[in-house]
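Heads up: the protein sequence lines correspond to chains W and G, in order. Position one of the first sequence corresponds to residue 167 (the numbering used here), numbered consecutively onward. Position one of the second sequence corresponds to residue 167 (the numbering used here), numbered consecutively onward. Single-structure report; data block below.
Protein chains: 2
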Amino acid sequence: MKLTEARQQFISSWGAFGTHWGINRTMAQIHALLLVSPDPLTQDDIMHELNISRGNTNMNIRELINWGLVERVLLTGERKEYFSAEKDIWKVVKQIVKERKKRELEPMLQLLDKLEAVEGDKKDKQVKAFVDTVSGIKKLGKQADKTLDTMIRAEESWFVGALMKLFK
Amino acid sequence: MKLTEARQQFISSWGAFGTHWGINRTMAQIHALLLVSPDPLTQDDIMHELNISRGNTNMNIRELINWGLVERVLLTGERKEYFSAEKDIWKVVKQIVKERKKRELEPMLQLLDKLEAVEGDKKDKQVKAFVDTVSGIKKLGKQADKTLDTMIRAEESWFVGALMKLFK
DNA sequence: TATTATTTTCAATAAATTTTGAAAATTCGG
DNA sequence: CCGAATTTTCAAAATTTATTGAAAATAATA
Numbered sequence: 167m168k169l170t171e172a173r174q175q176f177i178s179s180w181g182a183f184g185t186h187w188g189i190n191r192t193m194a195q196i197h198a199l200l201l202v203s204p205d206p207l208t209q210d211d212i213m214h215e216l217n218i219s220r221g222n223t224n225m226n227i228r229e230l231i232n233w234g235l236v237e238r239v240l241l242t243g244e245r246k247e248y249f250s251a252e253k254d255i256w257k258v259v260k261q262i263v264k265e266r267k268k269r270e271l272e273p274m275l276q277l278l279d280k281l282e283a284v285e286g287d288k289k290d291k292q293v294k295a296f297v298d299t300v301s302g303i304k305k306l307g308k309q310a311d312k313t314l315d316t317m318i319r320a321e322e323s324w325f326v327g328a329l330m331k332l333f334k
Numbered sequence: 167m168k169l170t171e172a173r174q175q176f177i178s179s180w181g182a183f184g185t186h187w188g189i190n191r192t193m194a195q196i197h198a199l200l201l202v203s204p205d206p207l208t209q210d211d212i213m214h215e216l217n218i219s220r221g222n223t224n225m226n227i228r229e230l231i232n233w234g235l236v237e238r239v240l241l242t243g244e245r246k247e248y249f250s251a252e253k254d255i256w257k258v259v260k261q262i263v264k265e266r267k268k269r270e271l272e273p274m275l276q277l278l279d280k281l282e283a284v285e286g287d288k289k290d291k292q293v294k295a296f297v298d299t300v301s302g303i304k305k306l307g308k309q310a311d312k313t314l315d316t317m318i319r320a321e322e323s324w325f326v327g328a329l330m331k332l333f334k
């Protein structure tokens, strides 16, 4: 397979993959393109390469910057802005975990704390089922939260090594 | 907070949560409803409780059954079908991990294997960047695959215990 | 087997999300 | 400060995804 075709397949699959994880196709594709680009790209480069509009390009680059996956690069003597993606995949994963934990897991745990304190007789089957479910999710969620915290702070080699040992 | 309100909040948040993870709102809400219901429910119960159409209810229940999260229950002497969700959250998580691994991670790893074998001079900056990125993702992906495999086979108590030890 | 209850399907519709592109805002060099 | 290059915004349009509801299929009962 030729590089051009391989790049295209990678970008397109990364985009499809993203949609299964609540990330929009274009954002994932821009990320993929920057991941396989050795040098930083401009908005124009990206919009031409992916055949998308200027506005779309701009908004999704901003979003990738918000996620901490892409950074603006200033090249001396150049007027245009350049963009480049973090290439260390372990760092990328940690960054995504960090953000999703903050945006989704933590608010969910806060809500569960509130809901667990529901009024009513614990002997009531309905109340019991509700509290049991909420408590169960909370317990596992809290554990995941701690685990992810540690993972975010971990070095790849440490993490992989420890997992290898742990999981035979 | 009263049970009715708490249940509603739980169902609605679970639905919103789902949309961040590529799961449609209704499917997540039906799952949430079944999770907090001590007894199995019929399609009619669900469509009335969530204010959704019969068709929508039916399709999403089927989908939950495909995911292995809900099962059909036959009550003796009853004509209608009843449905109930697995209540053990650890089992639920394992089942979701198992399915997503099969549906998303494995196909992605297969693709990366193919893409890694791209033609071209490894001295070429473009080729090198591409191969490095693909290899990096593949390496981490393979590791995740193994780890998840072990997790799927693990007992909750063993898993939690081991993680506690591992992550201080 | 005929009748009725129940489930399933799926074309049409609605809703949500993404994308466009042109205008406005900003930035930079002279 | 002026003018050109560049970036940003956002209402409108396009696209994608979810939902409805009625008809068809299926299953249970008598």
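By construction, the Cβ of each residue, glycine as well, lies at the ideal position given by its N, Cα and C atoms. Treat the numbers as computed from the prediction; the structure is a model and nothing was measured.
With 16 other CB atoms within 10 Å as the buried threshold, where does residue i fall?
| i | result |
| --- | --- |
| residue 167 of chain G | exposed |
| residue 184 of chain W | buried |
| residue 241 of chain W | exposed |
| residue 268 of chain W | exposed |
| residue 226 of chain G | buried |
| residue 334 of chain W | Here residue 334 of chain W scores only 49 on pLDDT, less than 50, and its place in the model should not be relied on; the value that follows carries that caveat. Residue 334 of chain W comes out exposed. |
Judging by CA-CA distance, which residue of the options is the nearest neighbour of residue i?
| i | options | result |
| --- | --- | --- |
| residue 318 of chain W | W:236, W:264, W:300 and W:299 | W:264 |
| residue 274 of chain G | G:209, G:248 and G:308 | G:308 |
| residue 149 of chain G | G:171, G:197, G:183 and G:180 | Residue 149 of chain G lies beyond the residue range present for chain G, which begins at 167 and ends at 334; the question has no answer from this structure. |
| residue 303 of chain G | W:278, W:279 and W:257 | W:257 |
| residue 192 of chain W | W:169, W:186, W:170 and W:222 | W:222 |
| residue 255 of chain W | G:266, G:289, G:255 and G:301 | G:301 |
| residue 169 of chain G | W:204, W:261 and W:298 | W:298 |
| residue 228 of chain W | W:281, W:289, W:204 and W:209 | W:209 |
| residue 266 of chain W | W:243, W:288, W:289 and W:189 | W:189 |
| residue 204 of chain W | G:179, G:205, G:288 and G:320 | G:288 |
Quick one: what's got a C-beta closer than 7 Å to residue i's C-beta in the same chain, skipping five residues either side?
| i | result |
| --- | --- |
| residue 296 of chain W | 284 |
| residue 322 of chain W | 256 |
| residue 320 of chain G | none |
| residue 325 of chain G | 317 |
Can you give the beta carbon distance from residue i to residue j, rounded, assuming they're within the 8 Å contact cut?
| i | j | result |
| --- | --- | --- |
| residue 181 of chain W | residue 194 of chain W | 5 Å |
| residue 311 of chain W | residue 271 of chain W | 6 Å |
| residue 233 of chain G | residue 187 of chain W | Contact flag wrong, Cβ pair sits at about 16 Å. |
| residue 277 of chain G | residue 259 of chain W | With a Cβ gap of about 18 Å, residue 277 of chain G and residue 259 of chain W do not count as contacting. |
| residue 175 of chain W | residue 281 of chain G | 6 Å |
Going by beta carbon distance, what residues of the same chain come within less than 8 Å of residue i, once the five residues before and after it are set aside?
| i | result |
| --- | --- |
| residue 177 of chain G | 195, 198, 199, 202 and 216 |
| residue 238 of chain W | 231, 247, 248 and 249 |
| residue 253 of chain W | 201 |
| residue 207 of chain W | 199, 200, 215, 248, 249 and 250 |
| residue 219 of chain G | 213 |
| residue 224 of chain W | 209 |
| residue 261 of chain W | 233, 234, 235 and 252 |
| residue 279 of chain G | 304 |
| residue 291 of chain W | none |
Which residues in the same chain have their Cβ closer than 6 Å to the Cβ of residue i, if we skip the five residues on either side of it in sequence?
| i | result |
| --- | --- |
| residue 286 of chain W | 293 |
Residues in the stretch 239-265 of chain W having any Cβ partner in chain G nearer than 7 Å = Going along the stretch 239-265 of chain W in chain order, one finds 253, 255, 256 and 259 with a Cβ nearer than 7 Å to chain G.
request  = Could you run through the stretch 186-212 of chain G and flag, in chain order, every residue whose CB is less than 7 Å away from some CB of chain W?
outcome  = Answer in chain order: 186, 187, 188, 201, 202, 203 and 204.
Contact set between the stretch 167-185 of chain G and chain W, restricted to residues whose Cβ is under 8 Å from the partner = From the stretch 167-185 of chain G, only 167, 168, 169, 172, 173, 175, 176, 179, 183 and 185 have a Cβ closer than 8 Å to chain W.
query = Which residues, in order along the stretch 267-281 of chain W, keep a beta-carbon less than 9 Å from a beta-carbon of chain G?
reply = Against chain G - using a Cβ distance shorter than 9 Å - the residues of the stretch 267-281 of chain W are 269, 270, 273, 274, 277, 278, 280 and 281.
inquiry  = Can you pull out the residues from the stretch 212-234 of chain G whose beta carbon lies closer than 8 Å to at least one beta carbon of chain W?
reply    = Residues of the stretch 212-234 of chain G with a Cβ closer than 8 Å to any Cβ of chain W: none.
Members of the stretch 306-326 of chain G that neighbour chain W once the beta carbon cut-off is set at 7 Å = Residues 306, 309, 312, 313, 316 and 326.
ask   = Quick one, which residues of the stretch 284-296 of chain G are near chain W if we go by CB-CB under 9 Å, in chain order?
value = For the stretch 284-296 of chain G, the set of residues with a beta-carbon nearer than 9 Å to any beta-carbon of chain W comprises 284, 285, 286, 290, 291, 292, 293, 294, 295 and 296, in chain order.
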